[in-house]
Structure formats: C-alpha cells, structure tokens
Amino acid sequence: MAADRSAESILFFRRVLRNMLDSNNELERAKGLLMETAEIMAKFRQDSEKIIGHVESKLDKSLGEQRKMIVEMVRQEVTRETSVAVSRYVADMEDARNQMAEQVREFNTYLQQVNEENKKISSRNVLTVSIVLAVMVIGAVALFFFFYHVLVRQKVDADMVHKINRADIVNCGDDLCAKTGKASANGYRVIQRR
Numbered sequence: 004m005a006a007d008r009s010a011e012s013i014l015f016f017r018r019v020l021r022n023m024l025d026s027n028n029e030l031e032r033a034k035g036l037l038m039e040t041a042e043i044m045a046k047f048r049q050d051s052e053k054i055i056g057h058v059e060s061k062l063d064k065s066l067g068e069q070r071k072m073i074v075e076m077v078r079q080e081v082t083r084e085t086s087v088a089v090s091r092y093v094a095d096m097e098d099a100r101n102q103m104a105e106q107v108r109e110f111n112t113y114l115q116q117v118n119e120e121n122k123k124i125s126s127r128n129v130l131t132v133s134i135v136l137a138v139m140v141i142g143a144v145a146l147f148f149f150f151y152h153v154l155v156r157q158k159v160d161a162d163m164v165h166k167i168n169r170a171d172i173v174n175c176g177d178d179l180c181a182k183t184g185k186a187s188a189n190g191y192r193v194i195q196r197r
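Whatever position you read off the sequence shown (first residue = 1), add 3 for my numbering.
This is the structure we're talking about:
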C-alpha cells in the first residue's frame, strides 16, 4: 500500500511539474506546489501513522518484537520514498527554473532585436513622411506660382473677352459687325479681320 501511495505521489509530482511548466506564472505555481507538497507529506505521514496504528491494534502481544521491526521498516520506506520524491522534485524544479531563465534571456534578446528593428522602421517612416511632406509643400508652392503666372497671362485675354462680351456685336453675313459711334445706316460697322 505504501508503494502504491509512493507511485501515486510520484505521478502526482510529475503532473504537477508538467502543469507548472505550462504556466506563465512559475513563481506562484512553485509556492502552490510547495504548499501541496507539504500537505502531501503531512497526509502521507498521517496515512503512515494510521497504517502503523492499524497494524499495532491487530497484532498480538507475542508479536511485539516483530511489530517494532515492521514499524521501523515502514518508517524507513516512507522516509526513503519521500526523500527520493523530494529530491526528484527539487531536481525537476531546478531544471524548470533553468529553462525559464534561458527562455527569459532568449525573449529579452528577441525583444531587443524587435525594438531595434522598430526604431529603424520608425526613423525610416519619419524620414519618408518628412520627404513626402517637403515634396508636397514644394509641389504646392510650384503649383501656386504656375497658376499665378497662368492667371496673370490670361488676365489680359480675359479682359479682352470681357470687353468683347460687353460690346454690341452681331453677324453680318460672313462677317461680324459692331455698333460704333460712327455708324452706317443701320448703326453697325463691319469688323475687319486680322
């Protein structure tokens, strides 16, 4: 029965260790596992004492010497199994701690690389945005000056068109006629072609 309990406790420790490795919060788990280990050891001790008490109540007084040997053997077995289980548990915990430390180092290295790459990308983006903004401002200024000169050049033509629109001009056959101060009989004169 003690061997079954030892096997159960070893399986339990292995399950606890697997669960602990899957957890992101190893320190909290380690505390919990230590508490569970203490509870298991107390329960194991209680179970052992119950077994011993049960054996003592059933044995005859004539077997007193044998009873002492059996009790001593059970205590040694419990101590040995507990010792083996605890040393395995401690070794597994140390391995887990080392693995976590290595993973943290690897993650920190990766995080540094990502941060450096992000800084490079950020500086490139700032440079690109600055260049694009500068080109847009230069383009806007160039467009402004271009359209300003176009408007200045076209203003003369626009004034002329405006004056033509205000003038009294009509079709006279194949020619255009305009009403002038000095006019022919109908008040219009033919506009000469260039």
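Quick reminder that beta carbons are idealized off the backbone N, C-alpha and C, glycines included.
I134 and V144 have their alpha carbons spaced roughly 15 Å apart. Non-local beta-carbon contacts of A170 in its own chain, meaning distances under 7 Å to residues more than five positions away in sequence, involve A181 in chain order. Of Q195, V159, D162 and A99, the smallest CA-CA separation from C175 is found for Q195.
Residue state for A170 is assigned as coil, using DSSP reduced to three classes. Rounded to the nearest angstrom, the Cβ distance from D178 to V193 is 5 Å, consistent with a contact under 8 Å. Taking 8 Å as the cut-off, the beta carbon of S51 is found closer than this to the beta carbon of V81.
Counting C-beta pairs with one atom in each stretch, the region 73 to 80 and the region 98 to 111 have fewer than three that are closer than 8 Å, which means they do not touch. Sorting R70, Y92, K71 and E68 by C-alpha distance to the C-alpha of E39 places Y92 at the top.
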